[in-house]
Amino acid sequence: MSTILDPAAGREVLQHNRAGRGERFLRGLRTPGGGVFILLLALLVAIIVINPSFGEPESLIRFIGRTAPIAIAAIGQYFVIVSGEFDLSMGSVVAMQVIVAGNLIGDDDSKVIPVLALMFVLGAVIGLINGLITTLLKVPSFIVTLGMMLALLGLVLFWTGGAAQGNPADSFRQIGRGGIEDVPVLGIIPYPVIILTAVAVLAFWLMRRPYGRTLMAVGDNDVAAALTGARVWWVRTRAFMLSSLAATVAGILLVGYAGVHPSVGRGYEFTAITAVVLGGVVLGGGRGWVLSAAAGAFALEALFTLLNFMGVASTWRPTVQGVIIIVAVAAAAQSWQRKRRGGSAAAQSEQQRITAAPEPTEGTDKGGN
Amino acid sequence: MTRKRLSTAVALTAAGSLLAMTACTTDQSISEDGGSPAASAPAQTEEATTEWFDQALYDEQFEQRTADFEGDPEQPWLQYIAGDMTDTADFAAEGAKKVCFANASISNPWRQTGWITMNQQLKVLQDEGVISEMETRDAQDDSNTQIADIDYFISEGNCDAFVISPNATAALTPAVERACETGKPVVVFDRGVETDCATTFIHPIGGFAWGIDTANFLSERLQQGDKVVALRILPGVDVLEQRWAAAEKIFEEKGIEATDYFTGADPTEIKKIISDELATGDVQGVWMDAGDGAVAAIEAFEDAGKDLPVMTGEDELSFLRKWKDTGIDALAPVYSNFQWRTPLLAVQKIFAGEEIPAEWVLPQTPIPAEELDDWLKRNEGMPDGHYAKFGGEDLPGYPEVWQQRQIP
Numbered sequence: 001m002s003t004i005l006d007p008a009a010g011r012e013v014l015q016h017n018r019a020g021r022g023e024r025f026l027r028g029l030r031t032p033g034g035g036v037f038i039l040l041l042a043l044l045v046a047i048i049v050i051n052p053s054f055g056e057p058e059s060l061i062r063f064i065g066r067t068a069p070i071a072i073a074a075i076g077q078y079f080v081i082v083s084g085e086f087d088l089s090m091g092s093v094v095a096m097q098v099i100v101a102g103n104l105i106g107d108d109d110s111k112v113i114p115v116l117a118l119m120f121v122l123g124a125v126i127g128l129i130n131g132l133i134t135t136l137l138k139v140p141s142f143i144v145t146l147g148m149m150l151a152l153l154g155l156v157l158f159w160t161g162g163a164a165q166g167n168p169a170d171s172f173r174q175i176g177r178g179g180i181e182d183v184p185v186l187g188i189i190p191y192p193v194i195i196l197t198a199v200a201v202l203a204f205w206l207m208r209r210p211y212g213r214t215l216m217a218v219g220d221n222d223v224a225a226a227l228t229g230a231r232v233w234w235v236r237t238r239a240f241m242l243s244s245l246a247a248t249v250a251g252i253l254l255v256g257y258a259g260v261h262p263s264v265g266r267g268y269e270f271t272a273i274t275a276v277v278l279g280g281v282v283l284g285g286g287r288g289w290v291l292s293a294a295a296g297a298f299a300l301e302a303l304f305t306l307l308n309f310m311g312v313a314s315t316w317r318p319t320v321q322g323v324i325i326i327v328a329v330a331a332a333a334q335s336w337q338r339k340r341r342g343g344s345a346a347a348q349s350e351q352q353r354i355t356a357a358p359e360p361t362e363g364t365d366k367g368g369n
Numbered sequence: 001m002t003r004k005r006l007s008t009a010v011a012l013t014a015a016g017s018l019l020a021m022t023a024c025t026t027d028q029s030i031s032e033d034g035g036s037p038a039a040s041a042p043a044q045t046e047e048a049t050t051e052w053f054d055q056a057l058y059d060e061q062f063e064q065r066t067a068d069f070e071g072d073p074e075q076p077w078l079q080y081i082a083g084d085m086t087d088t089a090d091f092a093a094e095g096a097k098k099v100c101f102a103n104a105s106i107s108n109p110w111r112q113t114g115w116i117t118m119n120q121q122l123k124v125l126q127d128e129g130v131i132s133e134m135e136t137r138d139a140q141d142d143s144n145t146q147i148a149d150i151d152y153f154i155s156e157g158n159c160d161a162f163v164i165s166p167n168a169t170a171a172l173t174p175a176v177e178r179a180c181e182t183g184k185p186v187v188v189f190d191r192g193v194e195t196d197c198a199t200t201f202i203h204p205i206g207g208f209a210w211g212i213d214t215a216n217f218l219s220e221r222l223q224q225g226d227k228v229v230a231l232r233i234l235p236g237v238d239v240l241e242q243r244w245a246a247a248e249k250i251f252e253e254k255g256i257e258a259t260d261y262f263t264g265a266d267p268t269e270i271k272k273i274i275s276d277e278l279a280t281g282d283v284q285g286v287w288m289d290a291g292d293g294a295v296a297a298i299e300a301f302e303d304a305g306k307d308l309p310v311m312t313g314e315d316e317l318s319f320l321r322k323w324k325d326t327g328i329d330a331l332a333p334v335y336s337n338f339q340w341r342t343p344l345l346a347v348q349k350i351f352a353g354e355e356i357p358a359e360w361v362l363p364q365t366p367i368p369a370e371e372l373d374d375w376l377k378r379n380e381g382m383p384d385g386h387y388a389k390f391g392g393e394d395l396p397g398y399p400e401v402w403q404q405r406q407i408p
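Chains A and B are the protein sequences, given in the same order. By the numbering used here, the letter at position 12 of the first sequence is numbered 12, and the numbering carries on one by one without gaps. By the numbering used here, the letter at position 181 of the second sequence is numbered 181, and the numbering carries on one by one without gaps.
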């Protein structure tokens with residue numbers, strides 16, 4: 001025991017603690033962030049049982065394609081939530097970008113690239129404003145983004161009078177509507193699927209980078225993170241920018257998928273937050289996996305599709321969403337809390353050994369909490 | 001531990017607020033027309049039908065579809081079905097009058113088109129010295145706002161006449177009655193109220209006629225057992241509910257399987273609904289209670305690589321153009337947009353002391369395939385959100401004002 005501080009022994013402990021890959025995988029599945037994948041799988045199986053043709057590769061890939069915008073929005077929302085904040089302006093950003101695309105591009109193919117660039121700039125600026133007001137002026141993000149949501153919604157209504165005016169050029173809409181055709185087995189790979197994959201890979205990579213680690217630390221305890229030298233305000237502001245940019249990408253896909261209408265994107269913030277929460281990400285920050293947030297979006301959409309196929313009345317949908325938010329938050333809080341108290345034996349033993357006193361008394365084993 | 005409990009509390013508070021927010025959004029959808037966040041799934045059928053179905057009204061509108069209209073067919077906005085007339089001799093007066101207009105909203109392309117037409121008609125009447133000014137209050141789809149608007153007009157508006165386009169039938173009835181009690185002329189148009197105190201109530205034939213025209217069209221082209229997807233904007237608005245009540249009855253009689261969904265006119269929802277339906281089985285027909293979003297419905301068939309359906313949309317140009325491009329078998333029912341001109345012309349007649357119909361039923365004729373080219377040609381250069389039968393070709397500012405969507 002006295003050799004505990006010996007580096008070699010330490011590694012041995014870690015090695016021992018890490019268990020096998022299989023066991024770690026299973027343990028991961030038991031967390032809320034892992035469980036959502038099981039939920040998603042169960043839902044998909046249920047849908048296919050009710051409606052076998054949904055299981056055909058082409059149907060599945062199209063389902064992924066049409067869920068891509070909400071999954072991308074959920075990934076964006078994840079960054080903000082994991083840093084301990086909220087972004088309620090997401091749906092309005094989507095709606096605004098849809099209208100910008102519709103009104104500025106029109107039928108002119110040559111405007112596609114410049115307007116795309118403008119949309120990304122707009123998205124980044126909105127995120128920057130949200131972030132700076134939250135972090136520097138210390139206004140709760142709930143209020144800041146709620147204000148931004150209403151402000152943008154008003155702008156959209158003012159601009160359109162609340163009605164659609166016409167779709168942008170088809171070349172622009174191809175981004176959300178088209179795909180690589182004549183693919184064996186799948187038939188088609190919709191561009192949204194490719195874009196979603198790219199966004200997911202980027203987000204996964206970003207969360208492994210120092211930025212992602214800091215973001216997580218800020219969400220867990222911003223005072224501690226600040227003491228370690230992290231620039232909390234800038235870390236969080238960038239999370240807001242990522243969220244608005246994700247909303248922008250979702251908007252671009254939605255213009256293609258559905259066309260221009262002021263109602264496109266309405267309610268997106270809540271769907272995204274529900275998806276993130278369903279993915280086991282803890283509201284309040286500091287816990288959760290980014291890909292689970294995306295899986296949460298898929299699980300949510302699969303659930304709605306299932307309810308649809310089962311013939312459940314549409315009016316129940318908000319109720320389902322509401323119950324999911326409550327249950328998921330409660331489950332996540334319970335589960336993470338147990339973990340923190342030391343529910344997992346392996347984690348406890350590691351903690352015990354590391355914190356073991358330098359002069360252990362024989363026969364006692366009172367380390368730990 | 002303290003921190004943990006705190007953050008759980010924060011999380012639950014946040015979730016609670018989220019729910020409150022969701023509740024707000026849902027609430028709103030009840031009073032909104034078009035573009036509201038309604039969700040998708042088969043709507044409850046039996047009860048709703050019996051609630052909105054009115055056999056007497058159905059029969060009446062069935063007859064009115066083929067009725068003779070008084071007046072010049074070149075000016076359909078002045079045509080009416082012969083019936084009870086209101087004597088307006090007491091209102092006869094010289095000089096320009098002030099009109100107060102309580103509008104439900106301009107939140108969908110149909111209302112926007114009509115609103116533009118109405119304002120151009122106003123210019124004509126102002127030049128003729130009939131109307132001095134029109135003060136307008138837009139209730140933005142909120143019945144409470146509109147009630148307040150009407151009460152404001154009554155107490156402080158200095159109005160010589162009221163024009164009201166009600167947001168909801170039952171909710172606005174008392175306010176309209178209060179306007180009537182002022183003894184000044186009251187013109188109600190579009191959606192109705194549960195009182196006949198108004199000087200005139202202007203509307204096209206109605207929702208049942210729409211449902212009969214469209215459901216008959218689809219039934220004639222489909223076989224027994226074929227599947228029709230019905231895309232509806234939102235529940236609870238009489239003109240929309242009556243369209244579906246009539247159509248559902250006919251589909252049932254003809255043995256056509258119809259599933260209805262509420263879409264909130266959101267093209268994303270429409271595409272999802274159609275994709276899901278196409279994943280379950282073939283769909284032969286699409287029925288819509290309004291044309292907003294018709295293009296998304298057709299696109300969903302295109303994207304899935306399925307045969308395009310037989311379809312009924314509306315006379316919105318986006319649908320007419322897509323109809324022309326794809327060559328589908330379709331019908332464009334019309335909820336005559338030119339009715340937006342009629343209220344001001346009615347005010348003119350009232351102050352001239354001419355008698356006007358107590359219930360002013362305007363023609364409502366669908367656009368069939370053989371007239372499609374003609375209507376497209378007549379509306380060349382108009383934006384997609386424009387309505388073919390807007391009836392403003394003879395007004396000043398045509399066509400630029402409508403092309404530019406100059407919404408006052």
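We treat Cβ as the ideally placed atom computed from N, Cα and C, and that holds for glycine.
- Rounded to whole angstroms, Thr-263(B) and Glu-354(B) show a C-alpha spacing of 44 Å.
- Look at Asp-213(B) here: in three-state DSSP terms it is helix.
- Remark: fewer than three beta-carbon pairs, one from each stretch, lie closer than 8 Å, so the stretch 218–234 of chain A and the stretch 227–235 of chain B are not flagged as touching.
- The residue from Asp-260(B), Gln-348(B), Gly-225(B), Gly-207(B) with its alpha-carbon nearest to that of Ala-93(B) is Gln-348(B).
- Of all residues in the stretch 51–67 of chain A, the ones placed with a Cβ closer than 7 Å to any Cβ belonging to chain B are Asn-51, Ser-53, Phe-54, Ser-59, Arg-62, Arg-66, in chain order.
- Selection Ala-297(A), Ala-95(A), Ser-292(A) evaluated against Arg-30(A) yields Ser-292(A) as nearest (Cα-Cα).
- Going by DSSP, Arg-111(B) is part of the alpha helix (DSSP H) stretching over 109–127.
- Fully enclosed beta strand (DSSP E) runs of no fewer than 3 residues occupy 359–362 of the stretch 322–369 of chain B, in order along the chain.
- Boundaries cannot be given for Ala-93(B), as no beta strand (DSSP E) includes it and DSSP labels it neither H nor E.
- Residues are counted here when their Cβ sits less than 9 Å from a Cβ of chain B; for the stretch 283–309 of chain A these are Leu-283, Gly-284, Gly-285, Gly-286, Glu-301, Phe-304, Thr-305, Leu-307, Asn-308, Phe-309, given in chain order.
- Listed in chain order, the positions of the stretch 252–273 of chain A with a beta carbon within less than 7 Å of a beta carbon of chain B are Leu-254, Tyr-257, Ala-258, Gly-259, His-261, Pro-262, Ser-263, Val-264, Arg-266, Gly-267, Phe-270, Ile-273.
- Where Phe-201(B) is concerned, the enclosing beta strand (DSSP E) starts and stops at 200–204.
- Closest by C-alpha distance to Gly-296(A), out of Gly-76(A), Val-49(A), Glu-56(A), Asn-51(A), is Gly-76(A).
- Considered as a whole, the stretch 218–298 of chain A harbours 222–227, 232–257, 268–278 as its complete alpha helix (DSSP H) runs of no fewer than 4 residues, in chain order.
- The shortest C-alpha to C-alpha distance from Ser-132(B) to any of Asp-149(B), Trp-244(B), Ala-161(B), Ala-148(B) is the one to Ala-161(B).
- In this chain, Ile-75(A) is not harboured by any beta strand (DSSP E); it is covered by the alpha helix (DSSP H) spanning 57–82.
- Taking a Cβ-Cβ threshold of 9 Å, the residues of chain A close to Ser-275(B) are Ser-59, Arg-62, Phe-63, Arg-66, in chain order.
- Chain A has no Cβ within less than 7 Å of the Cβ of Asp-138(B).
- In this structure, Ala-96(B) is the residue among Ser-143(B), Gln-112(B), Ala-96(B), Asn-108(B) with its C-alpha nearest to the C-alpha of Lys-123(B).
- Linking Trp-234(A) to Ala-217(A) through their CA atoms gives a straight-line distance of about 13 Å.
- Taking CB atoms only, Pro-185(B) has no neighbour in chain A less than 7 Å away.
- Residues of chain A with a Cβ closer than 8 Å to the Cβ of Asp-266(B) are, in chain order, Ala-258, His-261, Ser-263, Val-264, Arg-266.
- Distance from the Cα of Leu-39(A) is smallest, within the candidate group Lys-111(A), Met-149(A), Leu-306(A), Thr-228(A), for Leu-306(A).
- One Cα belongs to Ile-298(B), the other to Asp-292(B), and the distance between them is close to 12 Å.
- Interface residue (Cβ-Cβ distance to chain A less than 7 Å): Thr-200(B) is not classified as such.
- Not a single CB atom of chain A sits nearer than 7 Å to the CB of Pro-309(B).
- Ranked by Cα distance from Val-361(B), the first of Trp-52(B), Thr-136(B), Glu-74(B), Ala-82(B) is Ala-82(B).
- Here Ile-72(A) is near Leu-196(A), since their CB atoms are less than 7 Å apart.
- Val-290(A) and Met-207(A) have their alpha carbons spaced roughly 8 Å apart.
- Nearest Cα to Gln-223(B) within the set Leu-78(B), Gln-121(B), Gly-255(B): Gly-255(B).
- One finds Asn-51, Ser-53, Phe-54, Ser-59 in chain A with Cβ atoms closer than 7 Å to the Cβ of Ala-279(B), taken in chain order.
- Measuring C-alpha to C-alpha distances from Thr-182(B) to each of Glu-60(B), His-203(B), Tyr-152(B), Ser-165(B) identifies Tyr-152(B) as the nearest.
- Interface annotation, Ala-296(B): in contact with chain A, CB-CB separation under 7 Å.
- Inclusion of Asn-308(A) and Asp-276(B) in the CB contact set at 7 Å is warranted, their separation being smaller than that value.
- The C-alpha of Asp-238(B) is placed about 17 Å away from the C-alpha of Thr-214(B).
- Contact check for Val-255(A) against Ala-124(A) fails: the beta carbons are separated by 7 Å or more.
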